[in-house]
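S.K.: Quick note on the working numbering: the sequence shown kicks off at 1 and runs consecutively. Here it is, the structure, as structure tokens.
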Amino acid sequence: MGVPQMVRSQARTLLLLSGVSALGFVGMAAPAMAQDEESGEIIVTATRRAVDVQDVPLNITAIGEAQIETLGVGDLTELAQWVPGLYVVDQGARSSNPIIVRGLNADPASSNDGANDGGGTVATYLGDIPLFVDLRLNDVERVEVLLGPQGTLYGAGTLGGAIRYLPNRPQFDTFSGEIRGDAYGYSEGSEVSTDIGFTVNLPISRTLAFRASADYLNDTGFIDYNYVVQEPGVSNPDPDFNNPADVAANLAPVEDANTTEILSGRVALRWAPDAQFDAVLSHAFQNAEYGGRTISGRRSLLQTEDYVSPLRVVEPNQRDNSLTSLEMSLDVGFGTITSATGYSEYEENGQRDQTDLLIGLEYSYEAFPSFTAFTREVGSQSVFSQELRFVSDFDGPFNYIVGAFHATTTFDGSSSEFTPGYDEFLTGGSDARPDNLEYYSVTEGDLSESAVFGELTWQVTPRLALTGGLRWYDYTLETQSATDFPLFNTVFGGAGPDEIVLNFEPANQADQGLLYKFNAAYDWTDDVMTYFTVSQGYRIGNTNGLEPCVFPIGSQTVCGSPGELEYTADQTTNYEIGLRSQWLDRRLTLNGSIFYIDWSDPQVQSATAVGLQPIIINAAGARTQGFDVSLDWAATDALNIRASYGYTEAELTELAPRLVREIVPPGFQSTLAYIDGEAGDRLPGSPEHQANLFVTYTLPSFSGLDWSLNYGASYTGDVLTRTGGRGDNTTLPSYTLHNLSLTAEADMWNVTFYVRNLLDEFVESNARGGEDFNQTVFDTNGDPHAVRTYYTDVLPPRQIGVRFSRQFGG
């Protein structure tokens with residue numbers, strides 16, 4: 001069989017990224033967000049200086065703590081539906097959720113089971129430390145989303161943008177705290193879910209303060225695993241579904257299997273002995289356990305109900321993240337020196353159904369009537385990063401930012417594939433492999449990345465500013481991988497019953513380069529600014545974790561030909577014209593941008609010439625272009641309207657050989673082919689159109705309470721799962737989600753009654769496989785087995801709940 005998905009995704013996604021409110025509308029500065037309530041300003045630090053977001057000549061969104069609460073979102077995946085230009089492929093909490101910025105994605109939209117969330121095009125930060133994890137949005141001051149490469153401002157390299165989580169810092173002036181809770185249920189679930197937490201801020205002295213927060217999410221799920229076998233290798237995974245007794249004898253359904261339990265928290269100690277020096281030592285963690293995937297088998301041969309998985313085994317997963325950091329700043333009078341040191345650890349341990357992949361290889365696994373296979377995967381990563389920068393504060397026309405960054409990453413991942421009972425079937429009753437291990441692979445490696453970056457700004461006139469930036473980067477990647485087929489080698493090759501033979505193949509890569517940025521900003525008035533930006537980004541290369549092919553090729557060989565063993569860094573050049581403006585005495589904020597991105601050597605999925613195993617290669621070229629516009633209008637003292645629209649056209653610009661998978665039934669591996677992607681083909685994974693509307697109406701106060709009614713609607717256009725709609729593509733239909741909430745608020749507490757997905761829409765967010773995989777195979781008894789490769793990830797059904805918070809102290 002092929003290199004396991006988790007090992008490939010770890011080798012690509014984890015390393016690539018570790019080297020490195022109101023309503024969250026792209027480029028939108030909504031006065032209800034992350035703001036000073038008296039001045040109406042939204043202060044951000046995305047440019048490494050504290051300025052009003054409307055004065056930032058970049059495409060930036062600031063989503064403040066108050067609006068995170070108003071929207072009722074718990075993580076970036078939920079928040080992204082309100083940010084056109086930012087799209088998260090929602091595959092459910094268990095799976096990795098790639099982040100796609102402005103259509104920068106050429107991979108097929110298929111399930112990603114390993115590694116932290118991401119996709120490789122965006123760098124995410126907790127404070128000033130790069131940390132790639134979809135954090136729960138608790139005790140967060142704001143989230144800043146920057147679209148476009150940011151390598152001349154930030155340590156970690158970015159291809160398409162940066163996302164910053166800015167946690168609340170310990171405060172010296174007062175003791176304060178909060179308790180919060182949320183209880184909700186799904187229309188397709190059977191139990192109540194809860195989310196509870198607390199925050200406490202403790203001043204120890206005038207110069208020392210402590211802050212702690214912790215939250216526990218217990219989501220009880222809504223996906224039923226109705227086709228789980230009672231005992232893999234013994235039970236029949238395809239009983240006579242018209243015979244209830246046969247079904248009961250072989251299957252053990254699991255109700256609401258896609259549970260999520262997340263314990264997250266942060267402790268921080270802040271010391272500021274004087275007005276010049278400030279230091280924060282903190283530790284953050286997020287430990288998650290998942291019961292199963294959020295998938296539907298409605299499109300499969302089983303034609304399940306909407307919220308039912310077609311798979312044969314439960315698929316738990318555990319993912320733990322932690323970060324210890326020390327951030328220090330020193331004001332030296334003419335500027336500020338900042339040091340950010342971080343050490344993060346990540347561990348993952350999961351299990352998933354592998355039956356259909358093995359049947360699709362056409363090695364006659366299905367000849368065993370009770371054939372069920374599953375994979376257990378383990379991965380880990382540790383990252384040490386150090387960033388040092390200086391931000392000047394001169395009175396003259398010139399100011400600059402200069403910084404240095406270094407990160408070292410160590411990672412490993414393994415995949416163990418089990419086929420219970422299959423060894424006895426092959427040998428006529430002999431327990432050849434007591435461990436049932438059919439396949440085993442391991443990948444491990446180290447990455448070292450360094451960068452020097454900076455920007456120089458010239459205030460040519462009081463209204464015109466010009467900025468130039470450079471980034472020099474250098475990275476070295478050393479990996480090794482090995483693969484073994486224990487069952488095959490034991491039964492047919494004379495290996496021992498518990499023997500595993502690993503012949504590691506080293507694969508090293510190194511590269512360096514220079515990137516640039518230019519920005520011009522002009523203030524037409526105090527409230528109207530336009531800007532023009534050209535900026536470059538990159539994403540490091542990697543290896544495909546394959547052994548080199550040795551000819552002649554043997555049976556069940558996993559290998560790569562020359563040119564297939566590794567892929568190099570890809571690069572983007574972003575051109576953007578933007579507007580940031582306020583009108584009607586600043587009651588109306590109107591922002592927008594037009595962009596064009598040239599993507600050279602894009603990293604895309606392909607297949608090996610030998611065995612057609614999925615790998616990553618460099619295609620020739622692609623580009624994305626589009627625009628976004630957003631507004632925030634305080635129509636009256638009681639009525640606030642926010643809306644945005646984004647359009648992205650992403651396509652190949654040159655031929656991409658063997659890019660798109662297709663099969664021609666009957667058969668799977670025997671008819672599998674990879675066809676070329678052609679210039680003009682639309683890129684997969686994200687919509688062309690995104691829009692949203694959010695309306696807040698403040699009701700007259702009564703019973704001593706302030707009341708507000710909120711309505712939100714978000715539209716997502718259709719999505720292709722394969723480039724150009726070719727091969728086994730599924731076109732996921734467009735959808736609109738409606739949310740409604742009513743909030744009652746007093747001085748120290750608030751309670752919100754809410755409904756999400758008001759109309760209970762069934763929404764498919766991603767697809768695995770395609771219609772051509774809906775085939776039936778037969779075992780040696782002539783009994784049919786339905787291949788279940790084709791299924792879709794789905795969004796939650798209607799959710800009704802109530803959440804509250806109670807502040808104290810202050």
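Where is the CB? At the ideal position from N, CA and C, for every residue including glycine. Note that the structure is predicted; figures quoted are calculated from it, not measured.
Tell me whether residue 67 sits in a helix, a strand or coil according to DSSP, three-state version.
M.R.: The answer is helix: DSSP assigns residue 67 an H, G or I state.
S.K.: Which ranges would you report for the beta strand (DSSP E) in the region 704 to 784 if only whole runs of at least 3 residues count?
M.R.: 705 to 716, 735 to 745, 749 to 756, 764 to 768 and 776 to 778, all fully within the region 704 to 784.
S.K.: Could you tell me if residue 529 is buried or exposed, where buried requires 16 or more neighbouring beta carbons within 10 angstroms of its beta carbon?
M.R.: Classification of residue 529: buried, given that the 10 Å Cβ count is 16 or more.
S.K.: Whole beta strand (DSSP E) runs in the region 203 to 278 with 3 or more residues, listed along the chain?
M.R.: Entirely contained in the region 203 to 278, the beta strand (DSSP E) runs reaching 3 residues are, in chain order, 208 to 219 and 260 to 271.
S.K.: Let me check one thing: in DSSP terms, what residues is residue 43 bridge-paired to?
M.R.: DSSP, once it has assigned bridges, lists 52 as partnering residue 43.
S.K.: Using DSSP with H/G/I as helix, E/B as strand and the rest coil, what is residue 457?
M.R.: Residue state, collapsed to three classes: strand.
S.K.: Determine the closest residue to residue 102 out of 89, 94 and 85, with distance taken between C-alpha atoms.
M.R.: The candidate whose alpha carbon is nearest that of residue 102 is 85.
S.K.: Which runs of the alpha helix (DSSP H), 4 residues or longer, sit entirely within the region 545 to 617?
M.R.: Correct list: empty.
S.K.: Let's test the definition: count the other Cβ atoms within 10 Å of the Cβ of residue 259 and tell me whether it reaches 16, buried, or not, exposed.
M.R.: So residue 259 counts as buried.
S.K.: Nearest to residue 81 by alpha carbon, out of 700, 690 and 377?
M.R.: Closest option to residue 81, Cα to Cα, is 690.
S.K.: Among the residues of its own chain, which have a CB less than 6 Å from the CB of residue 571, if the five just before and after it don't count?
M.R.: Around residue 571: 538 and 600.
S.K.: Within the region 135 to 205, note down every full beta strand (DSSP E) run reaching 3 residues or more, in order along the chain.
M.R.: Fully enclosed beta strand (DSSP E) runs of 3 or longer: 140 to 147, 161 to 167, 176 to 186 and 193 to 203.
S.K.: Is residue 540 helix, strand or coil by DSSP?
M.R.: Of the three classes helix, strand and coil, the one that applies to residue 540 here is coil, per DSSP.
S.K.: What did DSSP end up calling residue 633 once you bin it into helix, strand or coil?
M.R.: The answer is strand: DSSP assigns residue 633 an E or B state.
S.K.: Who are the near neighbours of residue 371 in its chain, counting only those whose CB is closer than 6 Å to its CB and skipping five residues on each side?
M.R.: Only 365 meet the Cβ criterion.
S.K.: With DSSP collapsed to three states, give me the class of residue 290.
M.R.: Correct three-state label for residue 290: strand.
S.K.: Could you tell me which residues DSSP puts in a beta bridge with residue 506?
M.R.: 480.
S.K.: Taking DSSP as the reference, what is the three-state secondary structure of residue 307?
M.R.: Residue state, collapsed to three classes: coil.
S.K.: Examine the Cβ distances between the region 514 to 527 and the region 474 to 483 and report whether three or more of them are shorter than 8 Å.
M.R.: The region 514 to 527 is not in contact with the region 474 to 483.
S.K.: For residue 295, I'd like the list of residues in its chain whose CB is within less than 6 Å of its CB, leaving aside the five on either flank, ordered along the chain.
M.R.: Correct list, in chain order: 309, 791 and 793.
S.K.: Compare the C-alpha of residue 762 against each of 640, 298 and 238 and name the closest.
M.R.: Comparing Cα-Cα distances from residue 762 to each of 640, 298 and 238, the minimum goes to 298.
S.K.: Taking Cβ positions only, does residue 722 come closer than 8 Å to chain D?
M.R.: Annotation note: the requested chain D is absent from the structure, which comprises a single protein chain.
S.K.: Looking at residue 181 and the ligand FMN, is the gap between the Cβ and the nearest heavy atom below 7 Å?
M.R.: With respect to the ligand FMN, the structure offers nothing, as it holds no ligand at all.
S.K.: Classify residue 91 as helix, strand or coil using the three-state DSSP reduction.
M.R.: Correct three-state label for residue 91: coil.
S.K.: Residue 436 by DSSP, collapsed to three states: which one?
M.R.: Reduced to three states, the DSSP call for residue 436 is coil.
S.K.: Any idea what DSSP makes of residue 370, helix, strand or coil?
M.R.: Coil.
S.K.: Could you tell me which residues DSSP pairs with residue 418 in its beta bridges?
M.R.: Answer by DSSP bridge pairing, in chain order: 374 and 437.
S.K.: Work out the CA separation of residue 362 and residue 59 for me, nearest whole Å.
M.R.: Between residue 59 and residue 362, the C-alpha separation is close to 50 Å.
S.K.: So if DSSP puts residue 445 in a beta bridge, which residue, or which two residues, is it bridged to?
M.R.: Beta-bridge pairing links residue 445 to 411 and 479.
S.K.: Can you give me the start and stop residues for the alpha helix (DSSP H) that residue 488 sits inside?
M.R.: Run containing residue 488: 486 to 493, per the alpha helix (DSSP H) assignment.
S.K.: Could you give the first and the last residue of the continuous beta strand (DSSP E) run that contains residue 639?
M.R.: Segment 639 to 652, the beta strand (DSSP E) holding residue 639.
S.K.: Give the single residue among 246, 463, 167 and 482 whose Cα lies nearest to the Cα of residue 412.
M.R.: When each option's Cα is compared against that of residue 412, the closest is 482.
S.K.: Work out the CA separation of residue 765 and residue 132 for me, nearest whole Å.
M.R.: Spanning the two alpha carbons is a distance of roughly 22 Å.
S.K.: Whole angstroms is fine: what's the gap from residue 14's alpha carbon to residue 603's?
M.R.: Caution is warranted here: a pLDDT of 38 is assigned to residue 14, below 50, making its placement in the model unreliable, and no coordinate value can be reported.
S.K.: Residues bridged to residue 790 by DSSP?
M.R.: Answer by DSSP bridge pairing: none, since residue 790 is not bridged.
S.K.: Could you tell me the distance, in whole angstroms, from the CA atom of residue 227 to the CA atom of residue 253?
M.R.: C-alpha separation (whole angstroms): 6 Å.
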